[in-house]
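Undergrad: Here you go, one structure.
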Amino acid sequence: MRVLGINALFHDPAAALVVDGETVAAAEEERFSRRKHGKRPVPFAAWELPELAARWCLEEAGLDVSDLDAVAYSYDPALARPADEMGLDDPWDHLRQTYAQRAPGFLASSLPGLDPASVRFVPHHVAHAASAGLASPHADAADVLVLDGRGESASHLAGRYEQGNLEVFRTQELPHSLGLLYETVTEHLGFLRSSDEYKVMALASYGRPRFLDELRRAVYTTGDGGFHTDPIDWQSLVKQRRGDEEWTADHADLASSVQARLEEVLLELTGWLRERTGGTALTLAGGVALNCVANTRLFESSGYADVWVQPAAGDAGTALGGALHVARAEGDITTGMGGADLGRGWTDDEIEAWLTTARVAFERPADVAEAVAECLAANGVVAWFQGRSEYGPRALGHRSLLAHPGHQRNLERLNDVKGREQFRPVAPMVLEHRAREIFSHGPLPSPYMLFVHQVSDQWRDRIPAVVHVDGTARVQTVSVEDEPLVARMLSAFERRTGLPVVVNTSLNTAGRPMVDDPRDALECFGSAPVDLLAIGPFVVRRFGAGR
Ligand SMILES: [Fe+2]
Numbered sequence: 006m007r008v009l010g011i012n013a014l015f016h017d018p019a020a021a022l023v024v025d026g027e028t029v030a031a032a033e034e035e036r037f038s039r040r041k042h043g044k045r046p047v048p049f050a051a052w053e054l055p056e057l058a059a060r061w062c063l064e065e066a067g068l069d070v071s072d073l074d075a076v077a078y079s080y081d082p083a084l085a086r087p088a089d090e091m092g093l094d095d096p097w098d099h100l101r102q103t104y105a106q107r108a109p110g111f112l113a114s115s116l117p118g119l120d121p122a123s124v125r126f127v128p129h130h131v132a133h134a135a136s137a138g139l140a141s142p143h144a145d146a147a148d149v150l151v152l153d154g155r156g157e158s159a160s161h162l163a164g165r166y167e168q169g170n171l172e173v174f175r176t177q178e179l180p181h182s183l184g185l186l187y188e189t190v191t192e193h194l195g196f197l198r199s200s201d202e203y204k205v206m207a208l209a210s211y212g213r214p215r216f217l218d219e220l221r222r223a224v225y226t227t228g229d230g231g232f233h234t235d236p237i238d239w240q241s242l243v244k245q246r247r248g249d250e251e252w253t254a255d256h257a258d259l260a261s262s263v264q265a266r267l268e269e270v271l272l273e274l275t276g277w278l279r280e281r282t283g284g285t286a287l288t289l290a291g292g293v294a295l296n297c298v299a300n301t302r303l304f305e306s307s308g309y310a311d312v313w314v315q316p317a318a319g320d321a322g323t324a325l326g327g328a329l330h331v332a333r334a335e336g337d338i339t340t341g342m343g344g345a346d347l348g349r350g351w352t353d354d355e356i357e358a359w360l361t362t363a364r365v366a367f368e369r370p371a372d373v374a375e376a377v378a379e380c381l382a383a384n385g386v387v388a389w390f391q392g393r394s395e396y397g398p399r400a401l402g403h404r405s406l407l408a409h410p411g412h413q414r415n416l417e418r419l420n421d422v423k424g425r426e427q428f429r430p431v432a433p434m435v436l437e438h439r440a441r442e443i444f445s446h447g448p449l450p451s452p453y454m455l456f457v458h459q460v461s462d463q464w465r466d467r468i469p470a471v472v473h474v475d476g477t478a479r480v481q482t483v484s485v486e487d488e489p490l491v492a493r494m495l496s497a498f499e500r501r502t503g504l505p506v507v508v509n510t511s512l513n514t515a516g517r518p519m520v521d522d523p524r525d526a527l528e529c530f531g532s533a534p535v536d537l538l539a540i541g542p543f544v545v546r547r548f549g550a551g552r
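See below:
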């Protein structure tokens, strides 16, 4: 079976291709269109499709649209109800439903040759669930928990995969939604709703949960696997922050309170699920699963031996989940994703041609890993462009900005390159076999940066740039087998500095999607204070820097 997965309706449009049960390609539209998140998640934009990502997926596999056996669309309009009946204040939601119903026709017109009858509507949370259960290494036996803002008429799914088949135990109907709760407080704190939720998580570390009692009264589990989120008068707790205002201790306390309550509720929901199944592996998806602080709390306290999170846990991941679900339903044996590097890649010759066309001076060092380590050890900032781009919001050593972790000022330096708020941390990548002596209180290995870890006392002063205010770090572990080039770069850096850790943040500048193709890489290098661009086996140096 050749199944194209499409996520289009709400957030982060994306496409994925599953051929005979294997994930061949997956990418978000924003990487092609260069528009952050692909589009705004408003009803008026719900018709827009990830056309560029879908075309590329087919091209990558050498397929024509007419070769497809099925197209999975990660939303089923037949399950939706009018917004006011669901208690949502969303007067234009009916537009979404109309666009979803018409999606087969829209798909056929944007991908000529596509048979509208081949389009299958996959319930939104089933697509999320498949992106966790079926894409994980645990498809034969995994509990699954999905939590997001909303799907058709629910915001949650709790179930279990056995031999690749999903049994759903419980869903939570709208308007109750932990994702919408978090989005609402994101907006109240002056950040961009449906986009900046991770800033609230970072801000929470600066506060105390002094509104926890109020939150507990409004947000609570119902004892049957579901939960309630009653409306909260945020203004009565903390005055709304305008986007251009400085944040205060009050704002941090509110963020801390919501974060703490979210973690408590998640533990109760997973407790209910584990009691029912006796499962040992928990898989997670939905936007809430991008909350790496909560994920670590689940890893430490939920009783599951393993917690696996889909790296594209937001709606982008439903393109892959939808495709995997349809492939399974049609009898294919699906395999888990081997890594998040499912996007575009270029051969050395192709990269050389880009550099030649751009007329930049470049070199081909004997080993690009050594050249990069040399520059980093001299406290240079490196743009690192290697292999296929990542699916999901994290840079995992394919489209990364790298720096020396031993200099506190590098946090500020990188946040300046990226135009980010200074309260936000940057993350470490570390050689997998060295991780345990430096990081604890989270799962190791941790290849997808979806958990936070505690930095041991002996190491805090050695890698200050990656230690958040609460003593944690969002670690990516790098194994020699899975990521030989990145591992070699880390080893080369360790030989020079004694540190098996490098600062890793996504390769992009303010407000832009992550770099995807060589032109993006050159534009980013040209406009940001980066000392070295390592692209494939080549390096481009900023004049007079990095030597
Ligand atoms: Fe979702």
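Take the sequence shown: its letters are residues 6 to 552, numbered as in the numbering used here. By construction, the Cβ of each residue, glycine as well, lies at the ideal position given by its N, Cα and C atoms.
Could you give the distance in angstroms between the alpha-carbon of Ile443 and the alpha-carbon of Val457?
TA: Going from the Cα of Ile443 to the Cα of Val457 covers about 13 Å.
Undergrad: Between Phe15 and ligand 1, is the CB less than 7 Å from at least one heavy atom?
TA: Yes, since a heavy atom of ligand 1 falls inside the 7 Å radius drawn around the Cβ of Phe15.
Undergrad: State yes or no: is the C-beta of Thr340 within less than 8 Å of the C-beta of Glu27?
TA: Cβ atoms of Thr340 and Glu27: closer than 8 Å.
Undergrad: For Asn170, count neighbouring C-beta atoms within 10 Å of its own C-beta (all shown protein chains included) and say buried if the count is 16 or more, exposed if not.
TA: Under this definition Asn170 is an exposed residue.
Undergrad: Are the Cβ atoms of Arg351 and His143 separated by less than 8 Å?
TA: Reading off the sequence, residue 351 comes out as Trp, not Arg. Taking 8 Å as the Cβ cut-off, Trp351 and His143 do not qualify as a contacting pair.
Undergrad: Please report the straight-line C-alpha distance between Ala257 and Glu192, rounded to a whole angstrom.
TA: The straight-line gap from Cα to Cα measures roughly 14 Å.
Undergrad: Verify whether the separation of the beta carbon atoms of Asp25 and Asp337 is less than 8 Å.
TA: Result yes, Cβ atoms of Asp25 and Asp337 sit closer than 8 Å.
Undergrad: Check His330 in the structure and name its three-state DSSP category.
TA: His330 falls in the helix class under three-state DSSP.
Undergrad: Please indicate yes or no: does the CB of His133 lie closer than 7 Å to some heavy atom of ligand 1?
TA: Yes, the Cβ of His133 comes within 7 Å of a heavy atom of ligand 1.
Undergrad: Return yes when the C-beta of Thr234 is under 7 Å from any heavy atom of ligand 1, and no when it is not.
TA: No - ligand 1 has no heavy atom lying nearer than 7 Å to the Cβ of Thr234.
Undergrad: Out of Leu272, Val205, Ala122, Asp525, state which residue places its alpha-carbon closest to the alpha-carbon of Ala5.
TA: As shown, the chain starts at 6 and ends at 552. That puts residue 5 outside it, with no answer to give.
Undergrad: For Pro469, which residues from the same chain have a beta carbon less than 6 Å from its beta carbon, with the 5 sequence-adjacent residues on both sides left out?
TA: Excluding residues within five positions, the ones whose Cβ falls inside 6 Å are Gln413.
Undergrad: Measuring alpha carbon to alpha carbon, tell me which of Thr502, Arg500, Asp525, Glu437 ends up nearest Leu512.
TA: Ranking Thr502, Arg500, Asp525, Glu437 by Cα distance to Leu512 puts Asp525 first.
Undergrad: Is the separation between the beta-carbon of Leu537 and that of Val365 shorter than 8 Å?
TA: No, Cβ-Cβ distance for Leu537 and Val365 is not below 8 Å.
Undergrad: With a Cβ-Cβ cutoff of 8 Å, do Gly541 and Asp353 count as a contact?
TA: Taking 8 Å as the Cβ cut-off, Gly541 and Asp353 qualify as a contacting pair.
Undergrad: Phe37 and Trp52 look like a contact to me (Cβ under 8 Å); what is the Cβ gap, rounded to whole Å?
TA: Actually they do not touch by this definition, with Cβ atoms about 18 Å apart.
Undergrad: Give the range of the alpha helix (DSSP H) segment to which Thr191 is assigned.
TA: Note, Thr191: alpha helix (DSSP H), 183 to 193.
Undergrad: Taking the Cβ atom as the reference point for each residue, do His133 and Glu157 lie within a distance shorter than 8 Å?
TA: No, these two residues do not count as a Cβ contact at 8 Å.
Undergrad: Whose CA, out of Leu381, Ala317, Arg546, lies closest to the CA of Glu499?
TA: Measuring from the Cα of Glu499, the nearest candidate turns out to be Leu381.
Undergrad: Who's in the neighbourhood of ligand 1, going by beta-carbon under 5 Å from any heavy atom, listed in chain order?
TA: Result (chain order): Asp153, Asp320.
Undergrad: Nearest-angstrom Cα distance between Pro410 and Val507?
TA: Approximately 6 Å between the Cα atoms of the pair.
Undergrad: Run through the DSSP bridge pairs and tell me what Tyr166 is partnered with.
TA: According to DSSP, Tyr166 bridges with Ala147, Leu171.
Undergrad: Measure from the alpha carbon of Gly344 to the alpha carbon of each residue in Glu280, Asp487, Pro109, then state which is nearest.
TA: Checking every option, the nearest Cα to that of Gly344 belongs to Asp487.
Undergrad: For Asp72, which residues in the same chain have their Cβ closer than 7 Å to its Cβ, ignoring the five residues on either side in sequence?
TA: Cβ within range, chain order: Arg7.
Undergrad: Check whether the Cβ atoms of Ala30 and Ala19 sit closer than 8 Å, and answer yes or no.
TA: Going by C-beta atoms, Ala30 is not nearer than 8 Å to Ala19.
Undergrad: Provide the residue span of the beta strand (DSSP E) that contains Tyr225, from first to last.
TA: 224 to 226 is the extent of the beta strand (DSSP E) around Tyr225.
Undergrad: Using a Cβ-Cβ cutoff of less than 6 Å, which residues in the same chain neighbour Ile356 once the five nearest sequence positions on both sides are dropped?
TA: Here the set comprises Pro523, Ile540, Gly541.
Undergrad: Taking the straight line between their C-alpha atoms, what separation do you get for Gly424 and Phe174?
TA: Roughly 44 Å separates the two Cα atoms.
Undergrad: With distances taken from CA atoms, which of Leu57, Val386, Ala140 is nearest Leu112?
TA: Comparing Cα positions, the closest option is Leu57.
Undergrad: Helix, strand or coil: which one does DSSP assign to Leu537?
TA: Correct three-state label for Leu537: strand.
Undergrad: In this structure, how does DSSP classify His136 when only helix, strand and coil are distinguished?
TA: According to the sequence shown, residue 136 is Ser rather than His. Helix, per DSSP.
Undergrad: Does the separation of the CB atoms of Leu295 and Gly319 fall below 8 Å?
TA: Contact flag set, yes.
Undergrad: Assign Pro87 to one of two classes, buried (16 or more other C-beta atoms within 10 Å of its C-beta) or exposed (fewer than that).
TA: Under this definition Pro87 is an exposed residue.
Undergrad: Here's the rule I'm using: 16 or more other beta-carbon atoms within 10 Å means buried, otherwise exposed. How should Ser405 be labelled?
TA: Per the 10 Å Cβ criterion, buried.
Undergrad: Take Met494 and list the residues in its own chain whose beta-carbon comes closer than 7 Å to its own, dropping the five residues that flank it on each side.
TA: Once the five neighbours on either side are set aside, the close Cβ partners of Met494 are Ala374, Val377, Ala378.
Undergrad: With a Cβ-Cβ cutoff of 8 Å, do Ala159 and Glu178 count as a contact?
TA: The answer is yes: Cβ separation under 8 Å.
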